[in-house]
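Below is one structure, written out as C-alpha cells; the observations come after it.
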Amino acid sequence: MSPDQSVAARTIGHPLRTTIVRLAGGVGIGAVLFFLLMPTLLIVPMSLNGTAYIELPPRGLTLQWYFDYLADPDWRAATIFSLKIALSTAVAATATGTLASLAIVRGSLPGRDALKALAMAPMIVPHVVFGVALYLVFSPIGLTGNFSGFLIAHCVLSIPYVVITVSAALERFDPALERAALSCGASRTRAFFSVVLPNIAPAVAVAAVFAFLASFDEATVAFFISDTGGKTISRKMFEDIDFNLTPVIAAVSTLMVAISLLLMGSVELLKGRREE
1 MSPDQSVAAR TIGHPLRTTI VRLAGGVGIG AVLFFLLMPT LLIVPMSLNG TAYIELPPRG
61 LTLQWYFDYL ADPDWRAATI FSLKIALSTA VAATATGTLA SLAIVRGSLP GRDALKALAM
121 APMIVPHVVF GVALYLVFSP IGLTGNFSGF LIAHCVLSIP YVVITVSAAL ERFDPALERA
181 ALSCGASRTR AFFSVVLPNI APAVAVAAVF AFLASFDEAT VAFFISDTGG KTISRKMFED
241 IDFNLTPVIA AVSTLMVAIS LLLMGSVELL KGRREE
C-alpha cells in the first residue's frame with residue numbers, strides 16, 4: 001500500500017471508529033438509564049391497579065389505594081413521624097454541617113483534615129454497621145423508637161451532604177469580602193450573617209434539601225432503632241411488603257418519588273440561582 005493510500009485509509013477509519021465509540025457509549029448510557037428509571041416508572045401504573053394485588057399490566061385504573069393510604073391511621077402516623085424527623089433533621093444537620101464547613105474551610109484548626117474525615121465517616125461506614133452500633137448505644141438509654149433517637153441518627157447521616165455542599169460554596173466565596181466587613185468594624189458573627197451567609201445561602205438551601213431527603217428516604221438504620229411506638233414510613237413500607245402486600249405500597253412509593261422529584265427540581269433551581 002502506497003503512503004497516500006495509507007493516509008486515506010486512516011482518514012476514513014478515524015470517523016468510523018469515532019462513530020462506533022459514540023454509538024457504543026450511547027447504547028451503554030441508554031441501558032443504564034433504562035434499568036435505573038424503568039422500575040421507578042413502573043410503580044406508577046401499579047399504584048393505579050384496579051385489583052387488590054400488585055401486578056403489571058394493571059387491570060383497570062383506580063385511585064382507591066391513594067385514598068386507602070390517606071385513610072389508614074398507621075400510614076398517617078408513620079408519614080407524620082417521618083416528616084417531623086426529616087424537617088427537624090434538615091434544620092439541625094444544616095446548622096451543624098454549616099458550622100463544621102466553616103471550621104474545615106475557613107478555620108485554622110490543626111485537625112481540620114481529621115474533622116473533615118469525621119464528618120464524612122457516616123457516608124463511608126455501611127448503614128447496617130451504623131444501625132447496629134446505634135441500637136447497642138440507644139437501647140440501654142431508651143432512645144430506640146422515639147423522636148430524639150431518630151433525630152440524632154438522621155442528623156449524623158445527613159451532615160456529610162451538608163458539609164460537601166456548603167464547603168464547596170465556601171471555597172468559591174471570596175474571603176476578601178469578609179475581611180472588608182471586619183476592617184469596617186463588624187464582628188465575625190455580624191460579618192458572617194451580613195456578608196458570608198447571603199452569598200452561600202443557595203448552597204445552604206440545597207444542603208437542607210439533601211438533608212431532608214437523606215432522612216425521609218432512610219430505611220436501613222430505621223430497622224434497628226424503630227419499635228411499635230415510633231415507626232418511619234420506610235419501615236412501615238417494608239413491614240407491609242412482608243405481611244400485607246397491596247397496591248397501597250405502590251401508591252406510597254409513587255408519592256415518595258413525586259416528593260423527591262419536586263425537591264430535586266428545587267435543588268436545580270437553587271443551583272441555577274447560585275451560578276448566576
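In full-length UniProt numbering, the protein residues as written are 1 to 276. Beta carbons are placed, not taken as given, at the ideal position from N, Cα and C, and that holds for glycine.
Endpoints, alpha helix (DSSP H) assigned at residue i
i, result
"Arg-112", "112-124"
"Gly-97", "73-105"
"Leu-213", "197-216"
"Glu-239", "233-243"
"Cys-155", "147-172"
"Leu-63", "Taken as a continuous stretch (DSSP letters only), Leu-63 belongs to no alpha helix (DSSP H), as it is neither H nor E."
"Glu-178", "175-183"
"Arg-190", "188-191"
"Ile-225", "220-225"
"Gly-131", "127-138"
Residues near residue i in its chain [Cβ-Cβ closer than 7 Å; skip 5 each side]
i, result
"Thr-220", "His-127, Val-128 and Gly-131"
"Pro-58", "Pro-45, Met-46, Leu-48, Asn-49 and Gly-50"
"Gly-26", "none"
"Phe-224", "Gly-131, Val-132, Leu-134 and Tyr-135"
"Val-166", "Gly-97, Thr-98, Ser-101, Ile-200, Ala-203, Val-204 and Ala-207"
Closest Cα partner of residue i within the set the options
i, options, result
"Val-252", "Gly-26, Phe-238 and Met-264", "Phe-238"
"Arg-172", "Ser-226, Val-156, Gly-30 and Val-105", "Val-105"
"Ser-226", "Ile-29, Arg-188, Gln-64 and Leu-136", "Leu-136"
"Ile-259", "Leu-213, Glu-268 and Lys-236", "Leu-213"
CB-CB length for residue i against residue j, believed under 8 Å
i, j, result
"Thr-98", "Ser-215", "No, Thr-98 and Ser-215 are not in contact; Cβ-Cβ is about 17 Å, not under 8 Å."
"Ala-52", "Thr-246", "6 Å"
"Ser-82", "Ile-233", "4 Å"
"Val-204", "Ser-266", "Between Ser-266 and Val-204 the Cβ distance is about 13 Å, and since that is not below 8 Å, they are no contact."
"Ala-93", "Ile-159", "5 Å"
"Ile-124", "Ile-249", "Contact doesn't hold; Cβ gap of about 31 Å is too wide."
"Gly-230", "Phe-147", "7 Å"
Spatial neighbours of residue i in its chain, beta-carbon cut-off 8 Å, leaving aside the 5 residues before and after
i, result
"Thr-62", "Leu-48, Asn-49 and Gly-50"
"Thr-40", "Val-257"
Own chain, CB closer than 6 Å to residue i, minus 5 neighbours either side, in chain order
i, result
"Leu-177", "Val-195"
"Trp-75", "Tyr-69"
Exposed unless 16 or more other CB atoms sit within 10 angstroms - verdict on residue i
i, result
"Leu-157", "buried"
"Ala-119", "buried"
"Ala-133", "exposed"
"Ile-141", "exposed"
"Val-163", "buried"
"Pro-122", "buried"
"Lys-84", "exposed"
"Thr-79", "buried"
"Ala-211", "buried"
"Ile-20", "exposed"
"Ile-43", "buried"
"Ala-86", "buried"
"Leu-143", "buried"
"Glu-218", "buried"
Heavy atom of the ligand NAD within 6 Å of residue i beta-carbon
i, result
"Ile-200", "Among the components modelled here there is no ligand, and therefore nothing to report on the ligand NAD."
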